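K.L.:
Residues in the sequence shown are numbered consecutively from 73, following this note's numbering.
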Amino acid sequence: MFSSLSQKSSLLCAALASSSLAFSIPFRREILPRKTAHSVTATKQAATSVDTLSGFDNVANERYIGDITVGGTAFEVILDTGSNDLWVDTAGVSLDYFYNTSVAGEINYGIDGQYSFAEGFILQTNVTFSNYTVDQVFINALNVSATGVLLPGVSGLLGLGPPTQQSVASSQLQLGSSAFSGLTVLENIFLRNTDIPPQITIYMSRNTGTGEIDGGEFTIGEALPEYAQIADTPQLPAIDSPLGPLWTIQFDGLVINGQTYQQTGVGSTNFTASLDSGTPTAFIDSYFYDRIYGSNPNSIPCDTQINVSLIISGQEFPIHPIDLTIPESGTSVSNAICSAAMYSLPNSPGMFLLGDTFLRNVYTLHNFNNYSQVGDPLPYTQLLSVTDANAAAIQFPSLNIARLEAFNTSDSSSSATVSGDLAEASSTPSPSSTPNLSELTRNTYIIMGLLGGALLLLIAIAIISIRNHNQTRGYRRVGGGGVDILASDKPYNPQYRD
């Protein structure tokens, strides 16, 4: 989850914050009032029976958050397809009821957990997410230390990753010989509601300002009627990733400014992409990073239109040019300088971690496929492009001016109204937002915390590169060891435990 050394540093730390690259959302508890503007229960559209999550918000393009009720108390949490655990910081909050398993859980962020953590006892209580209530274990993270960001009013993280044995709660409960189930929130929902398809869909809004706008649409079960054609798109089987429990797929290559690449810099045709809503930007193979951004990735004229598409199952998925760069702090509208909105992964041929920079350009469906053990049908992802390359090229100049004006205004005057709806270059319009004190406070934490996150991420990448240098590059599951870069794909094959 991340941004630029003002906006971009924001994004960068957020990426780190996601559990990709063995990083997830590092948080810090702040004693600030919890936002209560949104209802926790889902709204149902009677005609279509689609459950859409209320309280799904986009904070400055860097956090996509949603409402959840834990033990009768409402919390805002980051929605993260790059991890599996639910943890909340309940300091200062009294839950209506819970059972303490007496098993401790700790989630580490950073290499070997040296930089940040969230830990506490694993509790069980009723949890309501969207329109569904289940008995659920979660980590009561009363001890949280992080160099990243916990936005004011945001109290934890909900993992939405694929079915896997890698959740901390599941592992710790099994080690403690506990009788409690370590299933994730989504696994419990699908287990207890067999009448709905075991899938989630996400449409992510685009936000040019520094405030909070509607996040788009998040559904459990059915797809949105306006995107029903996603059912006809190829099913992309989940494959194992050493980065952790992410929805990881194979793809065919890229098109960069009109040139097609279907081999990596070392001649491999093996491309993998981990899709992580907890990462605001993206980390990509350094070979392609250089071809996208050239020699000066931190000094790009903001009116430069970069055209990038991913080729997935033979189809091009364009990334809107507005998502590929981020204005630098203090830049002016007339002479604006931007930085790359992606980051380089050295020594990682064909490996991509695609966060919100890419995900805003697709409607995403993740299907659990009732996977519970080896031999079951594999979980899969389906993607529907919501960005038209020709329309995006026409929109880019005006969208660029709009974001620069919004960025410059928020940079120069804390009392100015931020245009929050640069947005929908793709489809659904988002309401503009005027920053209040709460939003401005959030932005301050984003900038400060994510700068530190960027630093940690670069350290982590360096360590990963050293570990992999001159080694035989093969698959190894994340778990007891360090983080290894994926060199060859194997079928998604976790052992299921509950």
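Just so you know, even glycine gets a beta-carbon here, dropped at the ideal spot from N, CA and C.
Here the structure is a predicted model, which is why all the values come from computation and not from measurement.
Name the DSSP bridge partner or partners of H438?
P.N.:
I272, T453
K.L.:
If you draw a straight line from the alpha carbon of G254 to that of P449, how long is it in whole angstroms?
P.N.:
21 Å
K.L.:
Output needed for Q377: all residues of its chain with C-beta closer than 6 Å, excluding positions within five of it in sequence on either side, in chain order.
P.N.:
P393, F468
K.L.:
Quick one: measure Cβ to Cβ for D348 and G154, integer angstroms, because I've assumed they're closer than 8 Å.
P.N.:
4 Å
K.L.:
Taking the alpha-carbon positions, what's the A465 to S346 distance?
P.N.:
27 Å
K.L.:
Below 8 Å CB to CB, which residues in the same chain sit around Y361 once its five sequence neighbours on both sides are set aside?
P.N.:
P369, A412, M414, Y415, S416, L417
K.L.:
With DSSP collapsed to three states, give me the class of T305.
P.N.:
coil
K.L.:
Using the three-state DSSP reduction, which class does T266 fall into: helix, strand or coil?
P.N.:
T266: coil per DSSP, three-state reduction.
K.L.:
Measure the alpha-carbon distance for P269 versus N279 and round it to whole angstroms.
P.N.:
30 Å
K.L.:
Return the first residue and the last residue of the beta strand (DSSP E) that Q244 is part of.
P.N.:
Per DSSP, Q244 belongs to no beta strand (DSSP E); it is in the alpha helix (DSSP H), 240-247.
K.L.:
On the three-state DSSP scale, how would you describe V458?
P.N.:
When secondary structure is reduced to three states using DSSP, V458 falls in the coil class, being assigned neither helix nor strand.
K.L.:
Whole angstroms is fine: what's the gap from V165's alpha carbon to F147's?
P.N.:
10 Å
K.L.:
Please return the same chain residues whose Cβ sits closer than 6 Å to the Cβ of S385, not counting the five positions on each side in sequence.
P.N.:
P306
K.L.:
Report the rounded CA-to-CA distance for S96 versus V216, giving the unit in angstroms.
P.N.:
For S96, the predicted structure reports a pLDDT of 29, less than 50, and the residue's modelled location is therefore unreliable. A value from the coordinates is still provided. Straight-line Cα distance between these residues: approximately 13 Å.
K.L.:
Kindly provide the ranges of any beta strand (DSSP E) runs that are 3 or more residues long and lie completely inside the segment 120-155, ordered along the chain.
P.N.:
122-124, 129-131, 135-142, 145-152, all fully within the segment 120-155.
K.L.:
Using the beta-carbon count (16 or more within 10 Å), is L247 buried or exposed?
P.N.:
exposed
K.L.:
Please state whether DSSP places N279 in a helix, a strand or coil.
P.N.:
Three-state DSSP puts N279 in coil, outside helix and strand.
K.L.:
Please identify the residue among N472, I372, L125 whose C-alpha is closest to the C-alpha of L296.
P.N.:
The shortest Cα separation from L296 among N472, I372, L125 belongs to L125.
K.L.:
If you follow the alpha helix (DSSP H) that F360 is part of, which residue opens it and which one closes it?
P.N.:
358-365
K.L.:
Kindly indicate which three-state DSSP category V29 falls into: helix, strand or coil?
P.N.:
Only positions 73 to 570 of the chain appear in the structure, and residue 29 is not among them; the question remains open.
K.L.:
Roughly how many whole angstroms lie between the Cα atoms of S420 and L167?
P.N.:
45 Å
K.L.:
With a threshold of 8 Å on Cβ separation, who are the neighbours of T145 within its own chain once the five nearest residues in sequence on each side are excluded?
P.N.:
Excluding residues within five positions, the ones whose Cβ falls inside 8 Å are T162, V165, S166, L167, D168.
K.L.:
Quick one: what's A345 bridged to in DSSP?
P.N.:
I321, F424
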